[in-house]
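Q:
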Amino acid sequence: MALKTKVLDDVDEAAAIIRAGGLVAFPTETVFGLGVDATNAVAVAKLFVAKGRPSDNPLIVHLDSMHHWQLAARECPPLATRLMNAFSPGPLTIVLPKASHIVQAVTAELDTVGIRVPNFSVARMLISAASLPIAAPSANRSGRPSCTTWESVLEDLDGRIDAVVRGTTSEIGIESTVVDCTTDPPLLLRPGAISLEELCSVVPSVTWHTQVDSNSINPQLKSPGLRHAHYQPKATVVLFQFVSQVVDFPKDLERVGCCTLDTVEQHQCFGHYAKFLDVAEYARRFYEFLRQCDRAGCTRIYCQLAPNHGLGMALNDRLERAAKPT
Ligand code: TXA
Ligand code: MG
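Position in the sequence shown (from 1) plus 39 gives the number in our numbering.
(1) So is the beta-carbon of residue 179 under 8 Å away from any non-hydrogen atom of the ligand MG?
(2) Please tell me whether residue 340 and residue 295 are closer than 9 Å, where the distance is taken between their beta carbons.
(3) Put residue 136 into one of helix, strand or coil per three-state DSSP.
(4) With respect to 8 Å, is the separation between the Cβ of residue 223 and the closest non-hydrogen atom of the ligand TXA below this value?
(5) Taking the runs of the beta strand (DSSP E) that are 3 residues or longer, which of them lie wholly in the segment 180-252?
(6) So, for residue 211: in the same chain, excluding its five sequence neighbours on each side, which residues have a beta-carbon less than 7 Å away from its beta-carbon?
(7) Taking three-plus beta-carbon pairs below 8 Å as touching, is the segment 157-166 in contact with the segment 269-276?
(8) Taking one C-beta from the segment 173-180 and one from the segment 88-100 each time, how about it: are there three or more such pairs within less than 8 Å?
(9) Can you tell me the Cα-Cα spacing of residue 104 and residue 76, whole angstroms?
(10) I need the DSSP call for residue 279, collapsed to helix, strand or coil.
(11) So, for residue 48: in the same chain, excluding its five sequence neighbours on each side, which residues have a beta-carbon less than 6 Å away from its beta-carbon?
(12) Is the beta carbon of residue 282 closer than 9 Å to that of residue 361?
(13) Here's the rule: buried if 16 or more other CB atoms are within 10 angstroms of the residue's CB, otherwise exposed. What is residue 140?
(14) Using DSSP with H/G/I as helix, E/B as strand and the rest coil, what is residue 356?
(15) Could you give the C-beta distance for residue 109 and residue 138, rounded to a whole number, given that I count them as a contact under 8 Å?
(16) Exposed or buried, residue 244, counting other C-beta atoms within 10 Å across all chains shown (16 or more means buried)?
(17) Could you pull the DSSP bridge partners for residue 155 from this structure?
(18) Check the DSSP bridge columns for residue 314 and list the partner residues they point to.
(19) Can you tell me whether residue 76 is helix, strand or coil according to DSSP?
(20) Along the alpha helix (DSSP H) that carries residue 166, what are the first and last residues, could you check?
(21) If residue 135 and residue 115 are in contact, beta carbons under 8 Å, what's the gap, nearest whole angstrom?
(22) When burial is assigned at 16 or more other CB atoms within 10 Å of the CB, is residue 284 buried or exposed?
(23) I'd like to check one pair, residue 213 with residue 353: are the Cβ atoms closer than 9 Å?
(24) Would the C-beta of residue 185 count as close to the ligand MG, meaning under 8 Å from any of its heavy atoms?
(25) Between residue 209 and the rest of its own chain, which residues show a CB-CB distance below 7 Å, the 5 nearest in sequence each way excluded?
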């Protein structure tokens, strides 16, 4: 079937579409993003419709250099600068006080803005060519697994967006770490590719929101996106920690997927099976594995949890949300 959305290799053409108020998906090292001019209210409104995204879930603004933070924020406290110097460009989003020219809908009416500089040349070339702050959520239909290939972007969004910049499979495979630097101590709102351990090696006071007294700060209010359904395939996701714990694999495994770090003996019986070498490979291939299972018509996907530290903490967060009933 002919595609309605353009597939581009030329970042200048992609940048021109964004400058004209269009929607363009592009590759980053974490997952593909869906880019729009963060200063154009009409274009931003189109993006929420294209994704089917709830309007109370704020978007991350992407920049081509941390030196350009004033394109999106009005203040950058010293702790934020320390984190950015250590991890940017890269899979880190810092939440700062918002600058007034970023349209209100981008930040879901919050007075704060998340900013990130991707560590992927195509993405940075696109942002430089557009010469704009670019708001970009993950380039998937809202609630679905994120996309790590341009083909998956089209599976969700063909005909709903103007173009996708081709590009290689995302190297990390799960989204950036989100840290709110408008509070002291800074709060980890979403675990991601930069681990809590790594953040604390630079700013020891960074605190994960679940460790904060729920009466004093409500992360659901600070990051409203946390409350929505996320990363969910059509199939039901079932989590397990150790292979030996799973006693109730169904008899007919043809329409069942399974992905693990440890070997599962009956793995040949699964319609779809993946054994990952390590947590990094698991993270890189996880979303695409969920999508492959959906394409194959699987009704259930068994997924092994990762050891809960480093990148494993972020992966487990995605696994738990993928498994959450809607
Ligand atoms: O790796 C990534 O971060 C990818 C790529 C494309 O850069 N983007 C991404 O965007 O994952 P999205 O929209 O799928 O997730 C953005 C997350 C949400 O959890 C949202 O609530 C949070 O960032 N966020 C954005 N702005 C915020 C703000 N001002 N305050 C608190 N949380 C914010
Ligand atoms: Mg997303």
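Heads up, the beta-carbon is just placed ideally off N, CA and C, and yes, glycines get one too. Predicted model only: the values in this text are computed from it and were never measured.
A: Reading it off the structure:
(1) Shortest gap from the CB of residue 179 to any heavy atom of the ligand MG: under 8 Å.
(2) yes
(3) strand
(4) The beta carbon of residue 223 sits no closer than 8 Å to any heavy atom of the ligand TXA.
(5) 202-204, 216-219, 226-229
(6) 68, 69, 130, 232, 322, 323
(7) no
(8) yes
(9) 16 Å
(10) strand
(11) 205
(12) no
(13) exposed
(14) In this structure, DSSP gives residue 356 a helical state, which the three-state scheme calls helix.
(15) 7 Å
(16) exposed
(17) Under DSSP, residue 155 forms a beta bridge with 101.
(18) DSSP lists 299 as partners of residue 314.
(19) strand
(20) 160-169
(21) 6 Å
(22) exposed
(23) yes
(24) yes
(25) 66, 67, 68, 69, 70, 71, 187
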